[in-house]
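Asker:
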Amino acid sequence: IVIMCRAEEQLARARALFEKDYEFCLQSYGFSGIINGELIDRTFSKGDGIRRICDHLGEKIENTIGFGDNMNDLSMIKTVHTSVCMENGSPELKQLSDLIAPAVEEDGIARCFAQLGLTR
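Residue numbers (the working numbering): 1297 to 1416.
#1: Buried or exposed: which applies to Lys1342, given that a residue is buried once 16 or more other Cβ atoms fall within 10 Å of its Cβ?
#2: What residue range does the beta strand (DSSP E) around Met1382 cover?
#3: Cβ of Ile1373 within 7 Å of any heavy atom in the ligand SAH?
#4: Out of curiosity, what's the CA-to-CA distance linking Ser1379 and Met1372?
#5: Return the Cβ separation of Pro1398 and Glu1388 in integer angstroms, given the expectation that the two are a contact with Cβ distance under 8 Å.
#6: Which residue comes first and which comes last in the beta strand (DSSP E) that contains Ile1405?
#7: Suppose the cutoff is 7 Å on Cβ atoms and the five residues either side in sequence are ignored; what does the same chain contact list for Gly1364 look like?
#8: Assuming the contact rule is C-beta atoms closer than 8 Å, Gly1333 and Cys1321 should be a hit. Round their C-beta distance to whole Å, please.
#9: Determine the closest residue to Ile1405 out of Lys1356, Lys1316 and Gly1362, with distance taken between C-alpha atoms.
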């Protein structure tokens, strides 16, 4: 669920109603002063998805790499063995990631794949 507002105080009622079931992931204040974020279901996360895929494929977490750019990727970044944040990603996520890839507009994913030996 995407949320947008001008001030965090506007989220007070929504937090009171939904915070036990949803994480309020505020991602940025943007150039226009708008708070942008998401409500993330607490019962399932991107990290849970990575673990389930690994279990289904019989793969070890040690063989996983995750690319993210914003705090909605936090559970994935904490789960995978090698975490990558895009250069134009959130400062908080960059601090928690193993690698910083160039921005997407600079072919960052392809360049990071090459750096990690994932290309032919």
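Here a beta-carbon is modelled for each residue, glycine too, at the ideal position from N, C-alpha and C.
Answerer: Answer, in terms of the structure:
#1: buried
#2: Thr1378 to Met1382
#3: You won't find the ligand SAH in this model; it holds no ligand whatsoever.
#4: 8 Å
#5: Going by Cβ atoms, the distance from Pro1398 to Glu1388 rounds to 19 Å, so no, they are not a contact pair.
#6: Element bounds for Ile1405: not the beta strand (DSSP E) but the alpha helix (DSSP H), Gly1404 to Gln1411.
#7: Spatial neighbours of Gly1364 in its own chain (CB-CB distance under 7 Å, excluding positions within 5 residues in sequence) are listed in chain order as Met1372, Ile1373, Cys1381, Gly1385 and Leu1389.
#8: 5 Å
#9: Gly1362
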